[in-house]
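Trainee: All residue numbers for the sequence shown refer to my numbering, where the first residue is 6 and numbers rise by one.
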Amino acid sequence: MTHTMLTIRDLHASYGAITALHGISLDVNEGELVALLGSNGAGKSTTLKSICGVLRPVYGSVVFLDEQIANKTPESILKRGISLVPEGRDIFTSLTVAENMRLGAFVSYNRKRYQEDLEEMFGLFPILKERLHQPGGLLSGGEQQQLAIARALMSHPKLLILDEPSLGLSPALVDQIFELIVRLRERGMTILLVEQNAERALRVADRAYVLNTGVMEFSGTPEELENELDIASVYFGGGEGNKEVTL
Ligand SMILES: Nc1ncnc2c1ncn2[C@@H]1O[C@H](COP(=O)(O)OP(=O)(O)OP(=O)(O)O)[C@@H](O)[C@H]1O
Ligand SMILES: [Mg+2]
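1) Kindly identify the DSSP beta-bridge partner or partners of F223.
2) So the candidates are E125, M126 and I29; which of them puts its Cα closest to the Cα of S55?
3) Quick one: grab the DSSP three-state call for F130.
4) Considering only the beta carbon of each residue, do G109 and R61 sit closer than 8 Å?
5) What residues are listed by DSSP as bridge partners for E200?
6) Determine the direct distance from the alpha carbon of F111 to that of L185, and round the result to whole angstroms.
7) In terms of residue numbering, what span does the beta strand (DSSP E) encompassing G65 cover?
8) Would you check if the distance between the CB atom of E35 and the CB atom of T195 is smaller than 8 Å?
9) Using only alpha-carbon positions, find the residue among G219, D168, G193 and R192 that is nearest to A203.
10) Per DSSP, E72 is paired with what?
11) Got a sec, what are the start and stop residues for the beta strand (DSSP E) R14 sits in?
12) Use the C-beta contact count for L174: other C-beta atoms within 10 angstroms, 16 or more gives buried, fewer gives exposed.
13) Roughly how many angstroms lie between the CA atoms of L198 and L38, to the nearest whole one?
14) Kindly indicate the opening and closing residues of the beta strand (DSSP E) around D32.
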């Protein structure tokens, strides 16, 4: 039986006079990798901000593990087990790799577990061990993305949310990040993945949602989405390597 982890219903969000989400619904079940797709300005990051408490929804419900979290603070939502890797990574460039990882663990710091977690992260991200005492700002884009994901994992999230983790990375690094996402999923992590690279995301996702200017236009399996797009003869694709959903 599938257990629902996150249930969003009729979520409205705005920035002052600008309404960014017009009543969207979305579910993430335990162990699933769910992709949230859509073009620039569709409302993907706004959805994630609303889940994490960074943006307070105007209306609607966000239930995580049977508890309403729509009006909780970002800290309390993090403590409940939702960890966001924001757009643009947002690591502390003047702090070392080790210090960045330590910050990720602040919600439930325990010295012994912290050491074990660090070792586990070095297994997933060997480069971080080599760079442990270097400032985050000296890492490459892909390494910074790995650090951002490692930092998020240090809080032992039940739900990991990634906002465009492949943005701005070279094709080789995009491959690495997607391999990592697949590995995390195989280890049982529940993941909500926002991507502009729809083709890549659909290759790894269990289910997908497509947002268009604040309205949820589609939800279903990747196969269903591809069929839907064929039937509608909607242009689905762009330049090589970076295909976008353009509905
Ligand atoms: N801080 C803000 N203040 C005002 N409007 C905003 C703000 N952030 C986003 N918006 C607007 O809300 C809408 C949704 O933006 P959002 O960032 O959620 O899009 P997105 O799908 O994440 O796009 P992208 O793929 O470019 O990251 C857009 O019209 C955007 O201009
Ligand atoms: Mg965004």
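Note that CB positions come from ideal geometry on N, CA and C, so glycine has one too.
Given the structure is predicted, the values throughout are model-derived calculations rather than measurements.
Mentor: Based on what the coordinates show:
1) V215
2) I29
3) coil
4) no
5) L42
6) 24 Å
7) Y64 to F69
8) yes
9) D168
10) F69
11) T9 to Y20
12) buried
13) 7 Å
14) I23 to N34
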